[in-house]
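S.K.: Add 10 to the 1-based position in the sequence shown for the numbering used here, that's all there is to it.
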Amino acid sequence: MSNITQNQGLFNSHGKNQIALSGNYDNENWSIAGKIKRGDELQKVKQSLSLKPQQDDYVSIGDNSKLVLNFESYKQRESTDAIYRLNGFSILPLVSVNHSEQVKFASFSNIDIAKIVALKDLQTYKLTLPQLVNQIQLNQDGPLVLINPNILLGIDNQGLVNKIKVTESVLGEQDINQFNQVLAQYDIPNTKSAFLDRYPNAEDNFDNILLNKDNISMSVNFDSYDDDAQLIELTLSF
Numbered sequence: 011m012s013n014i015t016q017n018q019g020l021f022n023s024h025g026k027n028q029i030a031l032s033g034n035y036d037n038e039n040w041s042i043a044g045k046i047k048r049g050d051e052l053q054k055v056k057q058s059l060s061l062k063p064q065q066d067d068y069v070s071i072g073d074n075s076k077l078v079l080n081f082e083s084y085k086q087r088e089s090t091d092a093i094y095r096l097n098g099f100s101i102l103p104l105v106s107v108n109h110s111e112q113v114k115f116a117s118f119s120n121i122d123i124a125k126i127v128a129l130k131d132l133q134t135y136k137l138t139l140p141q142l143v144n145q146i147q148l149n150q151d152g153p154l155v156l157i158n159p160n161i162l163l164g165i166d167n168q169g170l171v172n173k174i175k176v177t178e179s180v181l182g183e184q185d186i187n188q189f190n191q192v193l194a195q196y197d198i199p200n201t202k203s204a205f206l207d208r209y210p211n212a213e214d215n216f217d218n219i220l221l222n223k224d225n226i227s228m229s230v231n232f233d234s235y236d237d238d239a240q241l242i243e244l245t246l247s248f
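1. Taking the C-alpha atoms as reference points, what is the distance between ASN211 and VAL230?
2. If I measure Cβ to Cβ from SER58 and keep anything under 8 Å in the same chain, skipping five residues before and after, which residues do I get?
3. Which one or two residues does DSSP pair with ASP197 in a beta bridge?
4. For GLY164 versus GLY152, is the C-beta spacing smaller than 8 Å?
5. First and last residue of the beta strand (DSSP E) that includes PHE232?
6. Across the stretch 200-209 and the stretch 231-240, are there enough close Cβ pairs to call them in contact, namely three or more that are closer than 8 Å?
7. How should ASP131 be labelled, buried or exposed, when 16 other C-beta atoms within 10 angstroms of its C-beta is the threshold for buried?
8. Do the CB positions of ILE101 and GLU51 come within less than 8 Å of each other?
9. Which residues share a DSSP beta bridge with GLU183?
10. Could you tell me which of LEU104, SER117, ASN144 and ASP122 sits nearest to ILE198, measuring between CA atoms?
11. Within 10 Å of its beta-carbon, does PHE216 have 16 or more other beta-carbons around it, so buried, or fewer, so exposed?
12. How far does the alpha helix (DSSP H) with ASP67 in it extend, from its first residue to its last?
13. I need the straight-line Cα distance from ASN80 to LEU181, nearest angstrom please.
14. On the three-state DSSP scale, how would you describe GLN53?
15. In or out: LYS136 buried (at least 16 other Cβ within 10 Å) or exposed?
16. Just mark GLU178 as buried or exposed, buried being the case when its beta carbon has 16 or more other beta carbons within 10 Å.
17. Name the DSSP beta bridge partners of ILE93, please?
18. Based on Cα-Cα distance, which residue from LEU77, ASP233 and GLN188 lies nearest to ASN160?
19. What's the gap between the Cα of ASN225 and the Cα of LYS173?
20. Suppose contacts are defined by Cβ-Cβ distances below 8 Å. Is VAL155 in contact with LEU162 by that definition?
21. For ASP207, which of ALA116, PHE118 and ALA128 has the nearest alpha-carbon?
22. Under the rule that 16 or more other beta-carbon atoms within 10 Å means buried, what is LEU104, buried or exposed?
See below:
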């Protein structure tokens with residue numbers, strides 16, 4: 011392992027919204043060096059640390075690592091200026107200017123996502139060690155493996171695939187046309203009406219479609235109730 015990072019720049023806003031609130035961290039009243047606490051104002055933190063602005067954050071550089079502080083703006087009333095309060099932090103290693111933060115994906119050519127989503131391939135898949143990179147913990151249901159910016163695989167304790175999640179890109183920018191190209195690559199209908207044509211026995215719940223077959227459950231979310239609503243997320247559990 012060469013690098014551990016909590017750099018939120020890796021995820022776009024959609025990717026960040028996938029992460030559930032954690033009672034083990036998000037609500038804890040942590041402190042830094044026993045004197046800087048969550049909720050402290052920016053000016054107070056500057057009295058204790060030498061900070062440099064970095065994009066939307068502030069950074070304190072050490073000998074071998076750097077402390078990244080995340081602040082959020084708050085307004086007590088409309089007529090007053092915003093107050094910036096400490097909301098989160100990361101400790102990252104110092105890396106060379108040649109270091110790349112781009113995610114490197116393993117090969118998953120042995121898994122036919124299109125056939126699985128079409129309910130035509132229900133064999134058991136066990137991920138190999140090289141495929142277990144890029145794991146993220148979005149909630150308490152277990153880790154998900156990011157196989158590309160749009161697809162995540164859920165796995166059990168033995169590394170067996172038990173979930174497939176197809177969603178808008180969680181990394182970088184992607185417009186709707188690019189997302190529809192991804193859906194087409196896996197032969198997934200991109201509108202609600204086309205999806206119901208493919209799966210006529212599915213349960214229509216306005217902006218969501220549910221399909222249960224044997225031990226398989228599929229949930230598909232759309233951006234509206236309309237027949238031509240755009241697919242935005244598909245989750246298949248088995």
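C-beta atoms are modelled at their ideal positions from N, C-alpha and C, and glycine is treated no differently.
M.R.: On the basis of the coordinates in this document:
1. 14 Å
2. ALA43, LYS45 and ILE46
3. Paired residue(s): none; ASP197 is not in a bridge.
4. yes
5. 226-232
6. yes
7. exposed
8. no
9. Paired residues: none, contrary to the question.
10. ASP122
11. exposed
12. That residue, ASP67, is in no alpha helix (DSSP H); its beta strand (DSSP E) goes 67-71.
13. 20 Å
14. helix
15. exposed
16. buried
17. TYR84
18. GLN188
19. 12 Å
20. yes
21. ALA128
22. exposed
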